[in-house]
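A quick write-up on the structure given underneath.
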Amino acid sequence: MKHARSIFLSDIHLGTKACQAERLLEFLEEHTADNIYLIGDVIDFWSMSRSMHWSKAQNQVVQKLLQRARTDTRVILIPGNHDEMLRDYCGTVFLEIKVVHQLVHQTANGRRYLLIHGDQFDQVTQHHKWVAHMGDQAYNWLVRMNMWLSWARRKLGISGYWSLAGYAKRKVKKALNFIFDFEECAVQYAREHQVDGIICGHIHWATIRDIKGMEYVNCGDWVDSCTAIVEDHDGSLELIAWHQGTPAQVPDEAMGNAIKA
0 MKHARSIFLS
10 DIHLGTKACQ
20 AERLLEFLEE
30 HTADNIYLIG
40 DVIDFWSMSR
50 SMHWSKAQNQ
60 VVQKLLQRAR
70 TDTRVILIPG
80 NHDEMLRDYC
90 GTVFLEIKVV
100 HQLVHQTANG
110 RRYLLIHGDQ
120 FDQVTQHHKW
130 VAHMGDQAYN
140 WLVRMNMWLS
150 WARRKLGISG
160 YWSLAGYAKR
170 KVKKALNFIF
180 DFEECAVQYA
190 REHQVDGIIC
200 GHIHWATIRD
210 IKGMEYVNCG
220 DWVDSCTAIV
230 EDHDGSLELI
240 AWHQGTPAQV
250 PDEAMGNAIK
260 A
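Taking numbering that gives the first Met the number 0, the leading residue of the sequence shown gets 0, the next gets one more, and so forth.
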């Protein structure tokens, strides 16, 4: 078991069939930390309003996080757009978990990162919510298709993880432009807050990279890529992809230029 200084998780989407709670449980069994930051879309109230799926593993994820919060781990929740109703409770502590709108985290080496979910940088989510809901359903369909494709690949003996949703993002020009615009907006917002970098989620595109002198970090998600950001005790940040009970290599083409900061 590895004990880290901080773990950053986003876009778990509890309450949906696509949530890979089993993988997250495996990750949490192998990683403890002084701080756990849940950076939005932990519970997917959008999808639950259409149909709810709450598995035993998803319940265990909640219990595991509550257990950590009750013992020696500081757990902070930053709501996203899928659990935006929790924003009404920012500034409160619920079952030892503090809820905040955004937060500045200082790493062990003194670097300051702004933590925020990131839907604020998504013009579709902010101004055309019905389009965002349609896009959410389309993305969920891609993720469900990917489950079948993953099963077929295993049966055929094809090793490695391949993401249909990630492939679509890489190949569709508008999707890539959206990601680049999102990253630019996030970096500009961080620059205005006079920090060294930003750690966010929302777009399910995990990466650690430098953008014009500002460090941009995205946690990814736990419905497709199963990724987390981990801060070691020296303050360095690492992007971990978790599949089949073990950390997987993070492919540059799927996750951006992931590096150790």
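Each residue gets a CB set at the ideal place from its N, CA and C atoms; glycine is no exception. None of these values were measured; they are calculated from a predicted model.
Practice task
Could you have a look at arginine 267 and say whether DSSP puts it in helix, strand or coil?
Solution key: Because residue 267 is not part of the residues shown, which for the chain are 0 to 260, the question remains open.
Handout entry: Integer Cβ distance of histidine 30 from valine 229, believed to fall under 8 Å
Key = Here residue 30 refers to the residue found at position 31 when the sequence shown is read from its first residue. Here residue 229 refers to the residue found at position 230 when the sequence shown is read from its first residue. Histidine 30 to valine 229, Cβ: 7 Å. Contact.
Exercise for the section: State the start and end residues of the unbroken beta strand (DSSP E) segment that holds tryptophan 241. Expected result: As a working mapping, residue 241 is identified with position 242 in the sequence shown. Start and end: 236-242.
Practice task
Starting from the Cα of isoleucine 239, find the closest Cα among His192, Ala227, Glu214, Arg111 and give me that residue.
Solution key: Looking up residue 239 in the sequence shown gives position 240. Nearest of His192, Ala227, Glu214, Arg111 to isoleucine 239, Cα basis: Ala227.
Problem - Coil, strand or helix - alanine 20 by DSSP - result: In the sequence shown, residue 20 corresponds to position 21, counting from 1. Reduced to three states, the DSSP call for alanine 20 is helix.
Problem - Short Cβ contact (8 Å threshold) for tyrosine 188 with phenylalanine 120 - result: What you label residue 188 is simply residue 189 of the sequence shown in a count that begins at 1. What you label residue 120 is simply residue 121 of the sequence shown in a count that begins at 1. Yes.
Practice task
Going by CA-CA distance only, name the one from Gly219, Gly79, Ile198 that's closest to tryptophan 45.
Solution key: In the sequence shown, residue 45 corresponds to position 46, counting from 1. With distances taken between Cα atoms, tryptophan 45 lies closest to Gly79.
Handout entry: Own chain residues within Cβ distance below 6 Å of isoleucine 42, not counting five before or after
Key = Looking up residue 42 in the sequence shown gives position 43. Contacts found: Leu13, Gly14, Asp82.
Practice task
Run the CB neighbour count on serine 5, radius 10 Å, all protein chains shown included, and call it buried at 16 or more, exposed below.
Solution key: Indexing the sequence shown from 1 puts residue 5 at position 6. Classification of serine 5: buried, given that the 10 Å Cβ count is 16 or more.
Problem - Extent of the continuous alpha helix (DSSP H) to which serine 48 belongs - result: The residue labelled residue 48 in the question sits at position 49 within the sequence shown. 44-49 is the span of the alpha helix (DSSP H), which, as asked, contains serine 48.
Practice task
Put glutamate 214 into one of helix, strand or coil per three-state DSSP.
Solution key: As a position in the sequence shown, residue 214 is number 215, starting the count at 1. If DSSP states are grouped into helix, strand and coil, glutamate 214 belongs with the strands.
Problem - Selection from Lys97, Thr106, Asp231, His116 that minimises the alpha carbon distance to serine 9 - result: Taking the sequence shown and counting its residues from 1, one reaches residue 9 at position 10. Ranking Lys97, Thr106, Asp231, His116 by Cα distance to serine 9 puts His116 first.
Problem - Span of the beta strand (DSSP E) around valine 222 - result: Residue 222 sits at position 223 when you count from the first residue of the sequence shown. Premise fails: valine 222 is in no beta strand (DSSP E) and is neither H nor E.
Exercise for the section: Note down the Cα distance separating histidine 2 from aspartate 87, rounded to an integer number of angstroms. Expected result: Here residue 2 corresponds to residue number 3 of the sequence shown, with the count starting at 1. Here residue 87 corresponds to residue number 88 of the sequence shown, with the count starting at 1. In a straight line, the C-alpha of histidine 2 is about 33 Å away from that of aspartate 87.
Handout entry: Where isoleucine 184 falls: helix, strand or coil (DSSP)
Key = Taking the sequence shown and counting its residues from 1, one reaches residue 184 at position 185. The displayed chain sequence assigns cysteine, not isoleucine, to residue 184. Cysteine 184 falls in the helix class under three-state DSSP.
Handout entry: C-alpha gap between leucine 27 and valine 103, whole angstroms
Key = The residue labelled residue 27 in the question sits at position 28 within the sequence shown. The residue labelled residue 103 in the question sits at position 104 within the sequence shown. About 23 Å.
Handout entry: Residues that threonine 206 bridges to, as DSSP identifies them
Key = Here the question's residue 206 lines up with position 207 in the sequence shown. In the DSSP output, where bridge partners are listed per residue, threonine 206 has Asn217.
Problem - For threonine 31: DSSP bridge partner residues - result: Reading the sequence shown from its first residue, position 32 is the one you call residue 31. Paired residues: His2.
Practice task
Mind checking who arginine 73 pairs with in its DSSP beta bridge?
Solution key: As a working mapping, residue 73 is identified with position 74 in the sequence shown. Asn34, per the DSSP bridge assignment.
Exercise for the section: With a 10 Å radius around its C-beta and 16 neighbouring C-beta atoms as the bar for buried, classify asparagine 217 as buried or exposed. Expected result: The count along the sequence shown starts at 1 and reaches residue 217 at position 218. Result: buried.
Exercise for the section: Could you please give the first and the last residue of the uninterrupted beta strand (DSSP E) stretch that includes cysteine 199? Expected result: Reading the sequence shown from its first residue, position 200 is the one you call residue 199. Start and end: 196-199.
Practice task
Please classify glutamate 230: does DSSP put it in a helix, a strand, or coil?
Solution key: Here the question's residue 230 lines up with position 231 in the sequence shown. Strand, per DSSP.
Handout entry: Nearest-angstrom Cα separation, counted from valine 99 out to threonine 91
Key = For this step, residue 91 is matched to residue 92 along the sequence shown. For this step, residue 99 is matched to residue 100 along the sequence shown. Approximately 8 Å, taken between the alpha carbons.
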